[in-house]
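So for the sequence shown, the numbering used here puts the first residue at 172; every next one is plus one. We treat Cβ as the ideally placed atom computed from N, Cα and C, and that holds for glycine. Data first, discussion second: the structure below is written as structure tokens.
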Amino acid sequence: MEIVVMPKLGFNMDEGKLVAWYKAEGDPVKKGEPLFSIETDKTAIDVEATQDGVVRKLLIGEGDVVAVTLPIAVVGGAEEDVAGAIAEAEAKLASLKQSDFPAASPGIATALPNANAAGIPQQGLDLGVGNPDYEFDVFVVGGGPGGYVAAIRGAQLGLRVALAEKDRVGGVCLNRGCIPTKTLLRSLEALDAVKDAAEFGVAGLDAKKAALDMKKVQARKKAVVDGLVGGVEGLLKKNKVTVFKGEAVLKDGHTVAVGGQDYQTATVVLATGSEVKGLPDGVIQSKKVWTSDTLLSAEKLPKEIVIIGGGVIGVEFAYFLNGAGVKVTVVEFLDRILPPVDAEIAKRVRRDLEKAGIAIHTDAKVTKVTDAAVEFEKGGKTEVLKTKDVLVAVGRAPVVPPEAEALGIAVERGAIVTDERLRTSVPGVYAIGDCNGKTMLAHKASAEGIVAVENIAGQGGVMDYAAIPSAIYIRPEVASVGLSEEDAKARYGAVKVGKFLMLANGKSKVEGDGRGVVKIVADAQYGEILGVHLYCLHATDMIAEAVTAMRAEATVEELARAIHPHPTVSEAVMEAADAVLGSAIHC
Ligand code: NAI
């Protein structure tokens, strides 16, 4: 006897529509015969019976949509007693049918007055787009990678777009985040090349004298940042986006004020970003602590530093500062560094950082920071680290415009609540990027900006949050997409894992760094790729292949059979996919 369930045919498949039954109740069925046909948002497919028997009960009808893994039929022997199984399946179907179809974002369904009963959002003309009473179709508040991308895409779609920015366009990412940190790391790479030169057969360089000249490092950083900011300004101009320099205040869903002047707009896109989070009140008793913002502009580095927080910022700065000759200690509250990263990868990163000379304390709660020391509690004891310099890297908090809640914009846990179309609870007001509290990453903000304005323009489309890559810039690099091994196991039970150690990768050896691993987590039944985790050279570039594969709902077999060029580091992805299938050649 078998309870037939709605199969999960893809990573993003949460439900399927039963298009046709090929058998009626009482019909005999043979293993391998088509039993029913289903349709997902991507495909239509016939599903075969997995055993011989008689169709004893069809639990759902043609046209019904049910969540994956819910029972849809019972197949058993002609005389077999299946009454209990049918009752159990019917009860499960009845109890889960409701709860398995939550709104895309919990809590948003009731908060969204502009979604009609059929769930169709108000878009385009409904929102007043094109109405001459409004000066603009979209007013974007904030010019970071969310806001400026939304503005340009809106203009491409023929919308009348305004953007207000109180600082420089490009936001934290371009001015105080992604780009500046990477220029600093590039300088460190140049320093490391000098230090490693002799090993590669380069004579005549004095590695002992090599050091970073931070004034020049900062000058180079400034040139790169200024060039890119200029590029964004040029793009906004070219696309005829009206740019206001100043702080925008939302007066109501259709009025934005900048510099004392009101502007009428059909819609608003809030893209106000995030700000550095501090430690609880009373912990910091020192006048001078570094934040990522201030340390990024330092023209003189401290001799030693304690970094509070072993998240992405803490680890990237620890890596840079240690490489630049600073004595670094990291103090992390949790029992591991890099909490969202696959546990095995985080463990390897920790080992390599410690080998490079960075001291790391985990399970350590910082209780006091003075001008001369950092105190933390670990295992019931208080420990003291003497230091004059401290970097606080304990996270970032969304910036929610102070007027938002009074206007009825729902805010939960300090972030603006949005649905998968980036709508807030006020019709016509959207929120994208860090201010909505979902993964704080520049590329997520840009993708949301595009989805938001395409909805405003009436094109629809929803955000796919399942395949957002993340990257950590140390050496070797860390990059991942999808579920960690532990999260995949928690969600799906049995999963298959394939790994490839980089010490067996030819190109990594050529480049002089065989550390790290590539790891693929796949669905045990269908081979669907659930997560890809890279800790290797060029990981942050290579992860794009995994994102594309997951977006296309490719299986590990497709990744393993895709011919990768040799010699490249990317071959490790193919080999890890082969390892899932048990057919890896080099491990
Ligand atoms: P985070 O949330 O990634 O890490 C903060 C860490 O501080 C956590 O591990 C937390 O447990 C720890 N912590 C909190 N309170 C503590 C205490 N009292 N004592 C010791 N440890 C404590 O935040 P982070 O690293 O500041 O980054 C902020 C945001 O910026 C993140 O969302 C991150 O994804 C993003 N970002 C992304 C980058 C990238 O993609 N390469 C680079 C930099 C930042």
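Close Cβ partners of residue i (< 8 Å) along its chain, the five nearest in sequence each way excluded
i, result
"Pro640", "His614, Ala650, Ser651, Val652, Ile714, Ala715, Ala717, Val718"
"Glu173", "Thr221, Gln222, Gly224, Val245, Val246, Gly247"
Where residue i sits in the DSSP three-state scheme
i, result
"Lys526", "helix"
"Ala733", "coil"
"Thr719", "helix"
"Lys179", "coil"
"Ala249", "coil"
"Ser679", "helix"
"Val225", "strand"
"Gln327", "helix"
"Thr352", "helix"
"Gly234", "coil"
"Phe207", "strand"
"Asp423", "strand"
"Ile627", "helix"
"Arg567", "strand"
"Gln435", "strand"
"Gly653", "strand"
"Lys201", "coil"
"Gly187", "strand"
"Lys387", "helix"
"Ile531", "strand"
"Ile621", "helix"
"Gly372", "coil"
"Thr538", "strand"
"Phe504", "coil"
Counted within 10 angstroms of its Cβ, other Cβ atoms place residue i as buried (16 or more) or exposed
i, result
"Ile756", "exposed"
"Ala577", "exposed"
"Ile734", "exposed"
"Asp223", "exposed"
"Gly494", "buried"
"Gly528", "exposed"
"Val555", "exposed"
"Asp433", "exposed"
"Ser617", "buried"
"Asn287", "Only weak support exists for where Asn287 lies, its pLDDT of 37 falling under 50; the value from the coordinates is given anyway. Classification for Asn287: exposed."
"Arg347", "buried"
"Pro303", "exposed"
"Thr465", "exposed"
"Ala543", "exposed"
Residue i versus residue j: straight-line alpha-carbon distance, rounded
i, j, result
"Gly738", "Met673", "Note on identity: in this sequence residue 738 is Pro, with Gly being the wrong assignment. If you take the alpha carbons of Pro738 and Met673, they lie about 13 Å apart."
"Asp452", "Pro569", "19 Å"
"Ile516", "Gly702", "13 Å"
"Lys188", "Thr436", "40 Å"
"Ile343", "Ser266", "One detail in the question is off: residue 343 reads as Val in this sequence, not Ile. Cα to Cα, Val343 sits roughly 46 Å from Ser266."
"Lys179", "Ala659", "14 Å"
"Val681", "Gly372", "13 Å"
"Lys667", "Pro573", "47 Å"
"Glu525", "His532", "11 Å"
"Val588", "Gly608", "8 Å"
"Glu404", "Thr214", "42 Å"
"Asp684", "Lys678", "9 Å"
"Lys408", "Val332", "11 Å"
"Gly197", "Ala249", "8 Å"
"Leu230", "Met745", "41 Å"
"Val309", "Asp423", "14 Å"
"Tyr490", "Gly317", "28 Å"
"Val311", "Val440", "5 Å"
"Ala469", "Leu334", "31 Å"
Cβ neighbours of residue i in the same chain (closer than 7 Å, five flanking residues each side left out)
i, result
"Ala564", "Ser463, Ile478, Ile479, Gly480, Gly482, Ile484, Gly485, Phe488"
"Pro199", "Val225"
"Thr354", "Arg391, Lys392, Val395"
"Val622", "Arg592, Leu593, Gly632, Val633, Met634"
"Ala747", "Gly669, Lys670, Phe671, Val689, Lys690, Ile691"
"Glu657", "Ala514"
"Ala750", "Gly669, Lys670, Phe671, Cys758"
"Ala381", "Leu362, Val365, Lys366"
"Gly496", "Ala382"
The ligand FMN heavy atom lying under 8 Å from the CB of residue i
i, result
"Gly430", "By its list of ligands, the structure shown excludes the ligand FMN, since it contains just the ligand NAI."
Residues near residue i by beta carbon distance below 6 Å, same chain, minus five either side
i, result
"Val236", "Glu186, Lys188"
"Arg227", "Val245, Gly247, Val253"
"Ala210", "With the sequence shown as reference, residue 210 is identified as Glu, and Ala is not the correct amino acid for it. Closer than 6 Å at Cβ, skipping near neighbours: Lys188, Val190."
contact_flag[the stretch 214-222, the stretch 195-203] where n(CB pairs < 8 Å) is 3 or more | By the criterion of at least three beta-carbon pairs nearer than 8 Å, the stretch 214-222 is in contact with the stretch 195-203.
Taking one C-beta from the stretch 362-377 and one from the stretch 315-332 each time, how about it: are there three or more such pairs within less than 8 Å?
-> No, they do not touch.
Would you check if there are 3 or more beta carbon pairs closer than 8 Å linking the stretch 416-429 to the stretch 491-508?
-> The answer is no - the stretch 491-508 does not touch the stretch 416-429, with fewer than three Cβ pairs under 8 Å.
Could you tell me whether the stretch 538-557 touches the stretch 436-449, where touching means 3 or more Cβ pairs closer than 8 Å?
-> Because the criterion of three Cβ pairs below 8 Å is not met, the stretch 538-557 and the stretch 436-449 do not touch.
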